[in-house]
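The block underneath contains the structure these notes are about, expressed in C-alpha cells.
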RNA sequence: CGGGGUGUAGCGCAGUUGGAAGCGCGCUGCGUUUGGGACGCAGAGGUCGGCGGUUCAAGUCCGCCCACCCCGACCA
C-alpha cells in the first residue's frame, strides 16, 4: 500500500478525551475514529490487524472442529421472550420496533438464535457433537463505555457454540476451547491468564475468563503465587481465619452517638473492626416461576470484610440486586447506621459463614445512637441463609494452599461457559438419543472480542514513540520509507522496485511515498509501529544499499539492495517462528 | 443512575470588566529545503454544543437541554 493513497492520517496530538495509551495511539496512528460513546469506525490499518486476529481465531477454532456460520444481528424479540432474557435484561439490551410494530432486539449474543437453529436442524444423536461459530457485531448498551476500544457498546465478537449429546462431550469441547483460546492469545502475543468466573447473565455451570493483566483493567482478580489459584473477585474463595473461642457474654446496650460507620465504631469502643458486625441492605428481585418478587435482603458480615454482591446475588438466587433506600430500610424495622439483625421483620437475613464462629460482636441496636455489644449468632438472632458472601482481598489466604492472595486488575478478552441445558430447556432443543429417549442438547458458549483483543495488544506493545505490533497482528510487515533527496529519481526508482518485488513475494508493505520531510516519515513509522522498517534514500542509493531496522530495536543495519528480499523474508519467518514457539500446552485448571 | 470535568477552525488550546472571534499544528497554492514532526510568501476554514432569557450589545451573565470524558454503581 502506498501511503500517499492510504485513507487515514496520523495525528500529531491525540484528542483530549483519550486517556488510555492504546486509545491515544490507535487514534494518533490513524487506526480508529470515534463516532459516539463506545461506537467506533475501524480504518484500513485497524481493519487489517483485525483481519489477522480474526483469521488466527478462525484457524484455531477450525482446528477443534468449528464450522463458521453467520447469524443475524437483528432478532425478533419473541426468541428472547422464550428464554426470558427479554424480561431479565434491562437497558443494556437494544430494542426497537419494525414497521409492523413488532418488537425487535439487537444481538447482545447469539444463544437464542443458535438454539433456534439447533431445534430446527438437530434431530438425532448422529448429528452430534457439533461446533459452530461466527464473527459478528454485538450491541450492548453499556452504562459506561470507556478506555477507547477496551469497553465499547458496539463490538465484534467471535462466539462459538458447542452442541453435545452428553456431559462428557461438553467437557471435551470446553477443554478444547480452553487450550484453543490460549493458542489464539499467544499467537497475538497477548499474555493472558485464565481465571474462574461467575456465570452471570449467561446462566450455566462453569466459566473461565481470559484476562489480560493491566492496571487499566476493570475486573479485580485474586492470584495465589504459591499454588497458581486464580479467580475473579466476584467468585474468589479464601480461607477465613476462625477467631479464638470466647464464652458468650450477655448482650449490653451502649451509647454510640454519631457512629454510623464501622471505623467510627471501632475507634469509639477501642476494638478491632473484626469484633463488629456490619449490616448491608439490599433489595433483591427474585424470580418465582414466571413472576418476580422484590425481597428485602439483610446481609451481615464481619466489620473488617466487604460484602460481595455477586456471591450475595447467587446466595439469594436473585436476578437483580441493588442497595436499599433509607425508607425501605426503616420499613423492616432497621435503623440506617445503627442496624442490627436482632429484631427484624420481613427481611431475608443472609449471614456470612464466618459470623457464627465470631463470638461477642458489636452490632447496631436498631436505634439511633446505640449499639449492642456481645451479640452472638444463634443466641440473639438467626438467619435464613448462612454462606460465604464476602470478597477476598489483597492478603486473604488462598483456599487451596493458604498462601497469600495478590490483587491485580485485568481486562477480559475472552470467556468460556458451560451452558448445559439452560437454553435447550427453554427453547426445546432436543434430539433422539441412541436409546430412543428424547434429550436436551448440551451446550457451551465461548466468546472473544476481536476489537478488545487488538486494543489490548496495542496496550501491551508500545513505547513513548508509538505502537510496536507483533508480526502476527501488524497491519503490514514492512514500513518502506522513501527519502528521494533533491532532483534524483534514482531513489524513487529503487524504492518502487523494492516495493513491487516485496509485494510480489507476498510481503505486506506500507510504502511511504509521500512528499514529506524525513522527520515526518520516521515519526509516522514509529507511531504506526510495523515490525520492520526499510529506508531507501538518495545517499544509500549511491552505495546500492538500504537501511534495515526493527521497530523493537535501536540498531540500524545497512544491507545491500540485492539482499533486501532475503533479509526481509528471513526476519519475518524468524519473528513468526518466535510467536509460534509461544503456543504451548496449558494445564487445565478447574 | 450518583459525583466531577469539558464543549470556541480538522487536532491542541487562549479569549481579561459583556463591546469587531484568536494562537500553534494541520490543510490549499507558489518557491526553497530533504536522514528524525523544515522555511518563506499568499490563502481557505467558525451555528463559539443547542434552545430560551437578561442587555443597546452575549463566546463571556442566567435557565433548561444535549454531547463527550473521568470516578463510582452496573455489566459479558
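Residue numbers (this note's numbering): 46 to 635.
Just so it is clear, CB atoms sit at the ideal spot from N, CA and C, and this is done for glycine as well.
Since we're looking at a predicted model, the values are computed, not measured.
- Buried is the label assigned to residue 488, since at least 16 other Cβ atoms lie within 10 Å of its Cβ.
- Judged by their CB atoms, residue 59 and residue 72 are nearer to each other than the 7 Å cut-off.
- Between residue 552 and residue 97, the C-beta gap is not smaller than 7 Å, which leaves the two residues out of contact.
- Its Cα nearest to that of residue 189, the residue 199 stands out among 567, 570, 199 and 50.
- In the three-state DSSP reduction, residue 84 falls in the strand class (E or B).
- Within the region 463-493, the complete alpha helix (DSSP H) segments of 4 residues or longer fall at 467-472, listed in chain order.
- Apart from sequence neighbours up to five positions away, the residues of its chain that approach residue 115 with a beta-carbon distance below 6 Å are 179, ordered along the chain.
- Per DSSP, the unbroken alpha helix (DSSP H) holding residue 620 starts and ends at 609-625.
- Per the C-alpha coordinates, the member of 565, 230 and 124 positioned closest to residue 494 is 230.
- Per DSSP, residue 223 lies in no beta strand (DSSP E) segment; the continuous alpha helix (DSSP H) that holds it begins and ends at 212-232.
- When the beta-carbon positions are compared, residue 240 and residue 277 come within less than 7 Å of each other.
- Contact check between the region 432-440 and the region 456-474: fewer than three CB pairs, one atom from each, fall below 8 Å, which does not count as touching.
- With respect to the 7 Å criterion, residue 127 and residue 267 are not classified as neighbours on the basis of their beta carbons.
- Counting only runs of at least 4 residues, the region 344-381 fully encloses the following alpha helix (DSSP H) elements, listed from N- to C-terminal order: 354-360 and 371-376.
- It is roughly 35 Å from the alpha-carbon of residue 355 to the alpha-carbon of residue 147.
- Residue 144 sits in coil when the DSSP states are folded into three classes, being neither helix nor strand.
- When Cβ pairs closer than 8 Å are counted between the two stretches, the region 451-468 is seen not to touch the region 285-298, the count staying below three.
- For residue 238, the uninterrupted beta strand (DSSP E) segment begins and ends at 238-241.
- Under DSSP, residue 553 takes part in no beta bridge, so it has no partner.
- Cβ-Cβ separation between residue 74 and residue 573: approximately 5 Å, consistent with a contact (criterion under 8 Å).
- Shown here for residue 168: same chain residues with a beta carbon closer than 7 Å to its own, the five before and five after excluded, namely 476 and 477 in chain order.
- By the Cβ criterion, the region 150-159 is not in contact with the region 91-105, since fewer than three pairs of Cβ atoms, one from each stretch, lie closer than 8 Å.
- Residue 330: member of the beta strand (DSSP E) spanning 322-333, first to last residue.
- If you ignore the 5 residues before and after residue 125, its C-beta comes within less than 6 Å of the C-beta of 131, 150 and 157, all in its own chain and listed in chain order.
- Secondary structure note for residue 165: its alpha helix (DSSP H) is the uninterrupted segment 156-166.
- The C-alpha of residue 140 lies about 13 Å from the C-alpha of residue 183.
- The C-alpha of residue 504 is placed about 29 Å away from the C-alpha of residue 109.
- When the alpha-carbon of residue 55 is set against those of 589, 577 and 569, the nearest one is in 569.
- Here the alpha carbons of residue 576 and residue 583 stand approximately 23 Å from one another.
- Per DSSP, residue 132 lies in no beta strand (DSSP E) segment; the continuous alpha helix (DSSP H) that holds it begins and ends at 130-133.
- Three or more Cβ pairs closer than 8 Å define a contact, and the region 296-303 meets that threshold against the region 407-427.
- The C-alpha of residue 618 lies about 9 Å from the C-alpha of residue 516.
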